[in-house]
Every structure is written in structure tokens, then in C-alpha cells.
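Numbering (UniProt numbering), first residue to last: 1 to 479.
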């Protein structure tokens with residue numbers, strides 16, 4: 001993705017989308033003294049995919065699993081400015097995978113000694129057999145399914161990686177690339193695994209950037225973005241302002257009510273396929289390329305119960321097909337204020353995530369019933385505990401899928417847009433799952449603001465080219 005330095009003539013900057021990326025861009029423009037901008041948000045409130053809602057029973061829910069951790073000083077600075085010390089709660093991650101009738105600590109592959117002996121032996125045997133080949137072939141391009149077997153062996157893949165990732169992505173793993181695995185599935189340390197088997201050492205439990213994480217004490221993840229939005233000058237942030245057309249020649253955005261808004265530079269943080277579809281002069285080959293991009297749709301089912309929060313774990317993974325959701329988050333554990341009156345001695349809250357087919361006619365009542373029964377069946381909720389609330393949010397664009405053809409599809413689209421003063425950024429603007437966390441989105445927003453005002457090079461995109469090196473890849477299974 002090109003990020004050239006240049007002498008800018010930014011003029012009026014219009015930003016589409018008041019999620020983390022758009023809000024960070026607007027905030028940085030203000031900090032730089034560039035006040036000729038307008039931030040447009042289609043929804044009734046800012047926050048985007050990182051919004052939170054309070055249901056009628058008083059439970060707070062996020063739109064999917066979010067925790068606060070950071071790769072970037074700018075994101076750390078922002079949190080420090082927005083929150084006092086006691087307004088963020090800090091946690092050590094405690095996550096487990098449901099396997100057969102037990103719970104295996106995350107990451108699964110580092111805790112094989114927790115498995116039944118026959119499973120542990122099969123996984124270790126395959127792992128020891130495949131590791132030499134994995135090191136030889138690590139940089140070779142491969143689909144995700146082949147990559148998994150090459151690196152972890154068939155036994156581990158069959159028992160965890162294939163069923164879990166199939167549930168998450170709702171996409172054949174053979175259709176996915178492998179070059180995106182930067183911090184998404186944990187590495188294997190064979191020496192640690194063997195030491196754990198022999199009882200001479202315990203494997204490390206806290207791999208990954210979210211081994212420790214923070215969470216707002218009140219208001220859910222959305223509280224971060226509500227506070228950031230409050231710093232933006234009145235009149236420069238408009239909600240209920242949905243863009244439906246972009247005319248690059250006229251440098252104008254048309255809203256769904258017919259209003260036209262001119263711009264000199266356009267920062268677009270919404271889904272790239274939608275941006276291409278609404279851009280009037282975009283050539284047919286680029287429309288075809290953008291149309292090939294795939295994404296997941298997720299149903300978040302938040303279930304609150306009249307039973308105390310006693311489970312100390314953060315979140316749990318479910319690879320088995322008889323559980324509808326792939327992940328369940330212990331939301332009352334994140335912050336007591338996520339349950340009514342912060343009464344964790346009386347209430348508990350489980351936020352579940354289920355991948356569904358985009359555009360399908362979802363039977364919400366059936367999904368609620370299925371998720372409720374699964375939580376009780378898995379022992380997370382007492383059988384007799386009354387259900388206090390059930391809240392469903394469908395996230396049409398949840399995660400961009402890193403398909404085999406993704407980078408080839410992006411390659412012509414991004415330069416064409418930038419040549420016309422349009423800068424797609426954010427999780428779905430760049431369509432890059434590997435740089436799709438909140439801190440990445442904030443960094444992209446700050447970087448593009450600095451580039452447009454000062455002509456400085458964008459640091460994140462310069463460090464994350466379209467086809468990253470797989471040789472340094474690691475993997476994790478939480479976004």
C-alpha cells in the first residue's frame with residue numbers, strides 16, 4: 001500500500017466513520033491545528049464496531065470481544081488522557097478451550113498435557129514429526145489449511161485448529177491465505193511441551209499482546225470512544241449522516257438525504273467494498289476486485305442471569321459443533337458495572353459470538369435459546385439460574401477474511417483511491433485482519449492525519465506491507 005511522503009495541500013478533510021480510526025484522525029487533526037474537517041457517522045452515536053450498548057435490563061454489552069491492549073505509544077497516550085487510573089480495570093488474561101469434558105488452558109498447543117493421554121500422545125507425535133518440515137517450508141506460500149497442518153500436525157489441527165477456525169471464519173480454510181498470521185495463533189515451543197509432559201516445568205501461560213489487558217470500569221469499550229468524541233469541536237462531528245455516493249471528479253460526498261458535501265481529501269474508514277460500490281467513476285475491474293473481498297457476520301448474544309459472577313476466567317473458546325458460539329466472554333468479570341447496579345454478587349453476564357451467513361434471515365429467539373442451553377450444558381450457568389436478559393446485536397461486518405486472493409484484490413484498488421484523494425483506512429478500509437485491532441485503527445487514524453497535514457510517512461502501513469513476511473509470523477486466536 002503506497003504511503004509516500006509529499007508536501008500536502010490538505011484543504012478540507014472529510015472523514016467517513018466515527019469509529020476508532022475516524023475519531024483518532026479527527027482528534028489528531030485538531031491537535032495539529034487543522035480545523036477544516038468534518039467527521040460523518042452513519043449511526044446515531046460514535047464508536048463503530050467498538051461501540052457498547054445498555055439493554056433494557058441494565059446490562060452493558062460490547063459489539064463482540066474487545067479488550068484494551070496496545071502496540072503503540074499514541075494509543076497509550078490517548079488512554080492516559082481519557083481515563084484516570086481507577087477508571088480502567090487491569091486484568092491478567094485467563095482463557096481456556098473446551099475440549100471433550102475438560103478445559104484446556106490457552107494456548108491449546110502449549111498445554112497438551114491437559115488432554116486425555118491418547119489425544120496428548122497423538123498431538124505430540126505429530127508435532128514432533130512435522131516441526132522439521134515446518135521450519136523448512138515456513139516461508140512457502142500456502143493456504144491456511146495447509147499451513148496449519150505443516151506447522152502443527154494433523155492431530156492438533158483435527159482436534160482444535162480446524163474446527164475452531166471453521167466456526168470463526170465461516171469460510172473453508174483452504175480458501176484462506178497464511179500470510180496474515182502475525183499475532184493471531186500462538187507459536188509452539190516443543191521444549192516447553194516436553195518439559196510439561198515430564199513434570200519438570202510448567203509451560204508459559206501468558207503468550208500474546210493481550211496477556212494483560214485493560215477495560216473501562218464503566219460503560220464498556222464504547223466509553224473510550226464516547227470520551228474521545230466529546231473532545232471534537234461541536235459542529236465537526238455529525239451523526240445519522242450516511243454517505244451513499246462519492247464523486248472523485250467533483251470531490252463530493254452525497255448523504256442519504258441528498259445533501260452534497262465537498263472535500264479536498266477524503267478519509268474513508270468504512271468497508272472498502274462499499275466504498276468502491278458507491279464511488280461513481282471506479283472502473284469495472286476494481287469493482288470486481290473489491291467484490292471478491294469476504295468478511296464475516298457475527299451475532300452477539302448477551303445473556304444476563306440472576307446468579308452471582310463466580311467464574312474467574314476471562315473468556316472461553318468452543319471448537320465443538322454442538323455449541324453455536326465460538327467464544328463466550330465473562331463480561332461481569334471484565335467490569336462489575338457491566339451488570340445492573342454493579343451487583344456481581346447477584347448477576348452474571350456472558351457475551352457470546354456466533355458467526356452467521358451474511359444476509360441470512362436470523363431466528364433471534366432460536367439463537368438465544370440455543371446459546372442459553374449451551375452455556376448451561378457447558379456448566380457456565382447453573383441449570384436453575386433465571387435468565388434476566390437476552391440481547392442480540394448482529395454485526396454485518398465483523399472481521400475481514402484474509403482469503404488467498406485478498407492481497408491481489410487490494411493491490412489495484414488502494415492506489416487508485418489514493419490518486420484521487422481518497423484514503424481508505426481502519427479495519428475494513430484496509431481489509432487487513434492482521435492490523436484490525438482498536439490500537440491499529442487508532443494508529444492508522446493518527447498516521448493519516450499527520451500525513452495529510454505534515455506530509456509525514458504513515459508508520460503502520462509502511463511497516464505492514466500488503467504481503468508481509470511469513471518468516472516472522474506468530475499466531476493467536478483472539479482479535
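All residues carry an ideal CB built from backbone N, CA and C; glycine is no exception.
No experiment lies behind these values; they were computed from the predicted model shown.
Around the beta carbon of residue 364, a 10 Å sphere encloses fewer than 16 other beta carbons of the protein chains shown; the residue is thus reported as exposed.
In the DSSP assignment, the residues bridged to residue 391 are 302. Annotation for residue 146: the continuous alpha helix (DSSP H) segment containing it runs 144-152. For residue 352, the enclosing beta strand (DSSP E) covers residues 348-356. One thing to note: residue 75 has its Cβ no nearer than 8 Å to the Cβ of residue 333. The three-state secondary structure of residue 237, taken from DSSP, is strand. In its chain, beyond the 5 residues on either side, 354, 356, 362, 367, 392 and 394 have a beta carbon closer than 7 Å to the beta carbon of residue 299. With respect to the 8 Å criterion, residue 40 and residue 343 are not classified as neighbours on the basis of their beta carbons. With fewer than 16 other Cβ atoms from the protein chains shown falling within 10 Å of its own Cβ, residue 341 counts as exposed.
Going by DSSP, residue 52 is part of the beta strand (DSSP E) stretching over 52-54. Rounded to the nearest whole angstrom, the C-alpha separation of residue 105 and residue 18 is 37 Å.
At the C-beta level, residue 370 and residue 324 come within 8 Å of one another. Residue pairing by DSSP places residue 90 opposite 214 in a beta bridge. For the 8 Å CB-CB criterion, residue 351 and residue 62 form a contact. Residue 429 and residue 436 have their C-alpha atoms spaced approximately 10 Å apart.
Within a 10 Å sphere around the beta-carbon of residue 410 sit 16 or more other beta-carbons, which makes this residue buried.
Contact between residue 51 and residue 222 holds: CB atoms are separated by about 5 Å, below the 8 Å threshold. Here residue 84 carries a coil assignment [DSSP, helix/strand/coil].
Assigned with DSSP and collapsed to three states, residue 165 falls in helix.
Here residue 110 is buried. Its C-beta has 16 or more other C-beta atoms within 10 Å. Taking a cut-off of 8 Å for Cβ pairs, the region 265-274 and the region 301-320 do not touch, as fewer than three such pairs fall below it.
According to the DSSP assignment, residue 15 belongs to the beta strand (DSSP E) that extends over 13-16. Taking every protein chain shown into account, the CB of residue 280 has fewer than 16 other CB atoms within 10 angstroms, so this residue is exposed. Under the criterion of beta carbons closer than 8 Å, residue 275 and residue 416 do not qualify as touching, at roughly 11 Å. As DSSP reads the structure, residue 243 sits in a beta bridge with 255. Scanning 226, 459 and 397 for the CA closest to the CA of residue 27 turns up 226. Taking the C-beta atoms as reference points, residue 253 is found no nearer than 8 Å to residue 413. Residue burial is scored here from C-beta neighbours: residue 262 has fewer than 16 other C-beta atoms within 10 angstroms and is therefore classed as exposed. For residue 46, the closest of 460, 228 and 168 by C-alpha to C-alpha distance is 228. The beta-carbon distance between residue 313 and residue 96, rounded to whole angstroms, is 6 Å. This is short enough to meet the 8 Å contact definition. Contact annotation: the region 52-61 does not touch the region 439-458, with fewer than three C-beta pairs closer than 8 Å. Judged by beta-carbon spacing, residue 220 lies within the 8 Å limit of residue 60, meaning their Cβ atoms are closer than that value. Residue 447 sits close to residue 458, with the two beta carbons spaced by under 8 Å.
For residue 103, the uninterrupted beta strand (DSSP E) segment begins and ends at 102-105. Residue state for residue 95 is assigned as strand, using DSSP reduced to three classes. Taking the Cα of residue 248 as reference, the smallest distance to any Cα among 408, 277 and 348 is reached at 277.
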